[in-house]
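Undergrad: Per the numbering used here, residue 746 is the first one in the sequence shown, and the count goes up by one each step. We treat Cβ as the ideally placed atom computed from N, Cα and C, and that holds for glycine. So that we are looking at the same thing, I have put the structure below in structure tokens.
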Amino acid sequence: MPAHNNNQDSAISFGPFRLFPKSRLLEKEGEPLHVGGRALDILILLAERPGEVIDKRELVKRIWAEVNVDEGSLRFHVAALRKVLGDTGKSARYVLNVPGRGYCFVAPFVQAPSQVAPAAAEIIPPRSLPAQLAKMVGREEVIEKISNGLTLYRFMTLVGPGGIGKTAVAVTVGHRRSADFDGRVFFVDFGPLRDASHVPTSIAAVLGLTVSAEDPTPAILTFLKTGPSLLIFDSCEHVLDTLAPLVERIVREAPQLRVLATSRESFRSEGERIFRLFPLDCPPERDGLDVAEVLAYPAAQLFVERIAQSSGPFQLSAEEAPLVASICRRLDGIALAIELAAGRVNAYGIAGTASLLDSRFSLQWRGRRTAVPRHQTLAAALDWSYDLLPPAESATLRRLSVFAGPFAPEAAAAVASGDGLSTSATLEAIDSLVTKSLISPSGSRALRYRLLDTTRTYALGKLNELGEARQFARRHAEHFRDFFERAGADTSTPLPEWLGTYGGELDNVRAALDWAFAPDGDTRLGIALTAAAVTLWVRLSLFAECRERSRTALAALGDDGDNDRIRMQLLSALGWSLMYGEGRAREARPILETTLELAESLDDKDFRLRALWGLCIDQFNNGQFGKARGLAERFANAAANSPDSTDLMLGDRLMAVALHYLGDQDDARQRIDRVNASLHVLVEKPKIFPLDLRISTQYFRARILWLQGLADQAQALAAKNIEEGRANGHALTFCSVLGQAACPIAFWSGDFDAAERHGAELLEHTERHGIRLWGLWARAFNAAVVARRGDIATGLPLLREELNRAGDARFLPRFLPLLGELAACFLEADQVDRGLDVIEDVLTRCNDRQERWYLPELLRIKGELMLRSARHSEQAEAHFREAIDIAVEQGARFWELRCATSLARAMIGAGRGAEARALLDNVCGTFTEGSDIADMRMARDLIARSRA
């Protein structure tokens, strides 16, 4: 407020500044400055005691009263004050810090005499301001900003949806600033007003004016000119057309006036400053939240406090904390909704209250008896807004209730327009509903909207009441069927951008499918939508959901022979989701074989290749590596006639993987390098491959390079692969990045810090995305790391437990090294016979399945076990030599090095140092990199020992 209008307020002048302590106003050259509340408190206190060093503890006590803060808060606000004053040079001009003591106001100043405003007429202002709540939860910062804002701005509007707490905030601000206006704070509730022509008389009545004239505006202005006043106008949305021009006039003609309004939409008036009130912050959707973490969020604090108020002393338990977090999120942080839900806890408990949230019954829960009618239930609050809408807007709001979660403007127009509403009218209605706080921007980079859950429940009820629900649910499902048919054909967009465009529609797909397969739905539409949405589930790595949705659609499809094409699509999706989601799923193979038969009969190239790919991976998962190679050759032959060059690349990749597991690392390297050399021409994402081809190529290259003895290249490639996989955003791809390359390479290199780090990241990633098979592997791998770091007592039983937990998944190729490590752990625990039993079982598995890539290491471990056994020690060297021969045959120089190291150690123990040195010199001499890996260090140590 301008300085010369402050009643009985002495100005303190220093430099270009004038401080009005009573009005809490700081001016610079006549213009008001924005100063934070605490910083202004500090300045007023220091200026009232000029030249005196005020102790820091006294400042903290005076400024923060009973709140416990440290001196860091004081320093922060003093720094903010100095910034406002421009007092940032080396020598303080206004506020001096006296080290070890406190702060001192050092500016020369002049205290002007009190400036008294003209005496007002003999009018005693009525006490119209409602009582403030005993405690406002989560709104202190907002209240302070608005309170300070009234010093800078003469007309502020607090905008937000019904029930969010606008009135409570405005009332609290009124009480906080009451002394600054000498008690002249007037609260005008327009909620009960039905005739907007009575707006001026309502204001006059609250001001205590008895006006006989038809237009009371002149009398209102005369009163408001007599001194500083704050008018709080509450619930203005339904009288804006009348109130907006009146507010403009009184603000313009009464210079000492401040206006604070609450409304579900802004006035759009001259001089208006809009402050949008957002929902209370809610606990995030995250597993493992404890009580302290939940109660760190204002929404949960309000919920628990209101339970205590209605039911007596209450302490939140660890079991109930996640439920409270869920309730707050589902109520969107809306204060009224949270208060009403908390009032049900005494009757239903927290779990019971949570279960009732989805029902329309929750809209009728009653709150405080003293609340105005429109705030006593959620339904009343929403009725208030809905009844004010013109027909086009109410129809649009109802129709948009079929969306689950955020939606794009294009989707809204496609679903909600028609039946008398054009596309442009629908979009215009949406814009208006946004300004009225009934639709919220979703906050994403692309323009999207959402209905708060309570608003959606209410609007959906209206849609059902008018018999429109089935019509618009069908439109919703049809829109997303067409949308995801286009998405499936979009193979050129990079995955992160693709997911940014399509991934956010998952909830809408789920809602549409739930409706389509319900008794009142449309199963044919549901079947088509299921087939269209497969790409979404695969790219989100939601294989379990894809599996169940595909089964539902296939059951609804029946045996009609006219639907072979869509049956083929759904069977392919089911087979792939079983293969990638469950690993060794027995039903996957017959499903994929049927898919292949249908693809052959329909002459569908894409699905022929999809089926062959799936059958090949199924053979990998079931350990039939010879058959897998045969299917890889069939795939390559089918791809040779494809006009799509990526199909040829996929053929090479599939063959490279088969050769790698069969133990032919040189040919595998040739194939994978050929894929790598062609990646630069890859424009589109392959239609038949669920992982990122660029990234998946590199983790298999890294594995092959490592086994070939090219350790430095493999480690560098794995490190780069991690960064690319993390940035890519595809959950299953990143599991493979960590599990196929990063974890095993770190483990084999002896870098157990990195192995532990990668294993922990993989486990966390699988838990976050629900990828079961890789989660089982990660737990077992982490146990092996514990054992390798020397804690056999912990690591061995944990590894056994995790491998048992894995069940049939142990037969997946990725588990083979962990079974070998189990045998090695038994060796370290001096349980040789148990180790030999394990290694014999694993060797039988490898020979039966032609799973030869790990065979040299298994034979080496068996040799080490035999060396420790009195009965078998003489056979150890034969196993070491066999392992070396197989490693050489496979082109696996890393296994050759490791096996040679074991043999050399045995030789040195037998007094054959010269033989050992010759063996290691020969093997190590062929290595051009990897000098820092553990096996090379061990080899150098043995060479040195052999010379001793």
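Just the Cα atoms here: how many angstroms apart are T1539 and A1070?
TA: As a working note, residue 1539 is residue 794 in the sequence shown. As a working note, residue 1070 is residue 325 in the sequence shown. Each residue's alpha carbon lies about 36 Å from the other.
Undergrad: Work out the CA separation of S1317 and Q1054 for me, nearest whole Å.
TA: Residue numbering aside, residue 1054 sits at position 309 when the sequence shown is read from its first letter. Residue numbering aside, residue 1317 sits at position 572 when the sequence shown is read from its first letter. Rounded to whole angstroms, Q1054 to S1317 spans 57 Å at the Cα level.
Undergrad: Alpha carbons only, please: which of D1128, E1585, F931 and D1680 is nearest the one belonging to G1608?
TA: For the purposes of this step, residue 1608 is identified with residue 863 of the sequence shown, where counting begins at 1. Answer by Cα proximity: E1585.
Undergrad: Output the distance between the C-alpha atoms of G1495 and I1079, rounded to the nearest integer angstrom.
TA: Along the sequence shown, one-based indexing puts residue 1495 at 750. Along the sequence shown, one-based indexing puts residue 1079 at 334. Their Cα atoms are separated by approximately 54 Å.
Undergrad: With distance defined between alpha-carbon atoms, name the residue in F850, R783, S755 and L826 nearest to D800.
TA: For the purposes of this step, residue 800 is taken as residue 55 along the sequence shown, with counting starting at 1. Here the closest residue by C-alpha is F850.
Undergrad: Span of the beta strand (DSSP E) holding Y848?
TA: As a working mapping, residue 848 is identified with position 103 in the sequence shown. From DSSP, the beta strand (DSSP E) with Y848 extends over G847 to F850.
Undergrad: Would you say the region 1435-1444 touches the region 1466-1481, given that touching needs at least three Cβ pairs under 8 Å?
TA: yes
Undergrad: Spatial neighbours of D1411 within its chain, please: CB distance less than 6 Å, with the 5 preceding and 5 following residues excluded, ordered by chain position.
TA: For the purposes of this step, residue 1411 is identified with residue 666 of the sequence shown, where counting begins at 1. Answer for D1411: G1636, listed in chain order.
Undergrad: Tell me which residue opens and which closes the alpha helix (DSSP H) that F1059 is part of.
TA: Position 314 of the sequence shown, counting from 1, holds the residue named residue 1059. That residue, F1059, is in no alpha helix (DSSP H); it is neither H nor E in DSSP.
Undergrad: Please report how far the alpha carbon of E811 lies from the alpha carbon of V823, in whole angstroms.
TA: In the sequence shown, counting from the first residue as 1, residue 811 sits at position 66. In the sequence shown, counting from the first residue as 1, residue 823 sits at position 78. In this prediction, E811 scores a pLDDT of 49, lower than 50, which makes its location untrustworthy; no coordinate-derived value is stated.
Undergrad: Can you tell me which residues form a DSSP beta bridge with Y1194?
TA: Along the sequence shown, read from residue 1 onward, the residue named residue 1194 stands at position 449. DSSP output for Y1194 lists F1152 and P1186 as bridge partner(s).
Undergrad: DSSP three-state label for A1006, please.
TA: Translated into the one-based positions of the sequence shown, residue 1006 becomes position 261. DSSP places A1006 in strand when its eight states are reduced to three.
Undergrad: Which residues does DSSP list as the beta-bridge partners of N842?
TA: If you number the sequence shown from 1, residue 842 lands on position 97. Bridge partners of N842: Y848.
Undergrad: Thinking C-beta only, is I1537 closer than 7 Å to A1505?
TA: Translated into positions along the sequence shown, residue 1505 becomes position 760. Translated into positions along the sequence shown, residue 1537 becomes position 792. No, the pair does not count as a contact, with Cβ atoms beyond the cut-off.
Undergrad: Hey, is the region 1547-1566 in contact with the region 1521-1530, meaning 3+ C-beta pairs nearer than 8 Å?
TA: With the cut-off at 8 Å, the region 1547-1566 and the region 1521-1530 touch.
Undergrad: Can you tell me where the alpha helix (DSSP H) holding F932 begins and where it ends?
TA: Here residue 932 refers to the residue found at position 187 when the sequence shown is read from its first residue. Run containing F932: none in the alpha helix (DSSP H); it sits in the beta strand (DSSP E), V930 to D934.
Undergrad: Taking only the alpha-carbon atoms, compute the straight-line gap between A1623 and A1661 and give it to the nearest angstrom.
TA: Within the sequence shown, numbered from 1, the residue matching residue 1623 stands at position 878. Within the sequence shown, numbered from 1, the residue matching residue 1661 stands at position 916. Taking the straight line from one Cα to the other gives about 15 Å.
Undergrad: Tell me which residues share the same chain as R1292 and place their Cβ nearer than 7 Å to its Cβ, disregarding the 5 neighbours each side in the sequence.
TA: On the sequence shown, position 547 is the one that residue 1292 refers to. So the list reads L1319, S1322, L1323 and G1326, once near-sequence residues are dropped.
Undergrad: For L1197, tell me which candidate among Q1314, K1181 and F968 has the shortest Cα-Cα distance.
TA: For the purposes of this step, residue 1197 is taken as residue 452 along the sequence shown, with counting starting at 1. L1197 has its Cα closest to that of K1181, out of Q1314, K1181 and F968.
Undergrad: Using only alpha-carbon positions, find the residue among E1602, R1550, E1596 and I808 that is nearest to A1569.
TA: Here residue 1569 refers to the residue found at position 824 of the sequence shown. Measuring from the Cα of A1569, the nearest candidate turns out to be E1602.
Undergrad: So is T967 buried or exposed if we call it buried at 16+ other beta carbons inside 10 Å?
TA: If you number the sequence shown from 1, residue 967 lands on position 222. With fewer than 16 Cβ atoms within 10 Å of its Cβ, T967 is classed as exposed.
Undergrad: Beta-carbon within less than 8 Å of G1368's beta-carbon, same chain only, minus the 5 sequence neighbours each way: which residues are those?
TA: Within the sequence shown, residue 1368 is the residue found at index 623, counting from 1. Same-chain partners within the cutoff: F1556, P1558, R1590, D1593, R1594 and E1596.
Undergrad: Can at least three beta-carbon pairs, one atom from the region 1023-1043 and one from the region 990-1010, be found at a separation below 8 Å?
TA: no
Undergrad: How big is the Cα-Cα spacing for N1209 and F1225?
TA: Within the sequence shown, numbered from 1, the residue matching residue 1209 stands at position 464. Within the sequence shown, numbered from 1, the residue matching residue 1225 stands at position 480. So the alpha carbons of these two residues sit roughly 21 Å apart.
Undergrad: Look at the alpha carbon of A1333 and the alpha carbon of F1288, and state the distance between them as a whole number of angstroms.
TA: Within the sequence shown, numbered from 1, the residue matching residue 1333 stands at position 588. Within the sequence shown, numbered from 1, the residue matching residue 1288 stands at position 543. Between A1333 and F1288, the C-alpha separation is close to 13 Å.
Undergrad: Quick check on P1335: does DSSP put it in helix, strand or coil?
TA: Residue 1335 sits at position 590 when you count from the first residue of the sequence shown. Correct three-state label for P1335: helix.
Undergrad: Nearest by alpha-carbon distance to W1451: which of I1440, A1472, I1467 and F1492 is it?
TA: One-based indexing of the sequence shown puts residue 1451 at position 706. W1451 has its Cα closest to that of F1492, out of I1440, A1472, I1467 and F1492.
Undergrad: Return the CA-CA distance between R1685 and E1674, expressed in angstroms with no decimal places.
TA: For this step, residue 1685 is matched to residue 940 along the sequence shown. For this step, residue 1674 is matched to residue 929 along the sequence shown. C-alpha separation (whole angstroms): 14 Å.
Undergrad: Would you mind listing the beta strand (DSSP E) stretches within the region 1489-1530 that are 3+ residues and don't spill past its ends, in chain order?
TA: none
Undergrad: What is the DSSP secondary structure of K1181, reduced to helix, strand or coil?
TA: Walking along the sequence shown from the start, residue 1181 turns up at place 436. Coil.
Undergrad: Would you mind listing the alpha helix (DSSP H) stretches within the region 1208-1291 that are 4+ residues and don't spill past its ends, in chain order?
TA: 1214-1234, 1240-1247, 1251-1261 and 1268-1284
Undergrad: Taking only the alpha-carbon atoms, compute the straight-line gap between V904 and L1183 and give it to the nearest angstrom.
TA: As a working note, residue 904 is residue 159 in the sequence shown. As a working note, residue 1183 is residue 438 in the sequence shown. Each residue's alpha carbon lies about 11 Å from the other.
Undergrad: Note down, in chain order, each residue of its chain lying with its Cβ closer than 8 Å to the Cβ of R1650, except the 5 sequence neighbours on either side.
TA: The sequence position of residue 1650 within the sequence shown is 905, counting from 1. Taken in chain order, the residues that qualify are A1661 and L1687.
Undergrad: Roughly how many angstroms lie between the CA atoms of R791 and G908, to the nearest whole one?
TA: Start at 1 with the first residue of the sequence shown, and residue 791 comes out as number 46. Start at 1 with the first residue of the sequence shown, and residue 908 comes out as number 163. Going by the sequence as given, residue 791 is Leu instead of Arg. The straight-line gap from Cα to Cα measures roughly 41 Å.
Undergrad: Counting C-beta neighbours from all protein chains within 10 Å, is the total for V1426 16 or more, i.e. buried, or is it exposed?
TA: For this step, residue 1426 is matched to residue 681 along the sequence shown. That one is exposed.
Undergrad: Answer yes or no: do Y1406 and W1598 have a C-beta to C-beta separation smaller than 7 Å?
TA: In the sequence shown, counting from the first residue as 1, residue 1406 sits at position 661. In the sequence shown, counting from the first residue as 1, residue 1598 sits at position 853. Yes.
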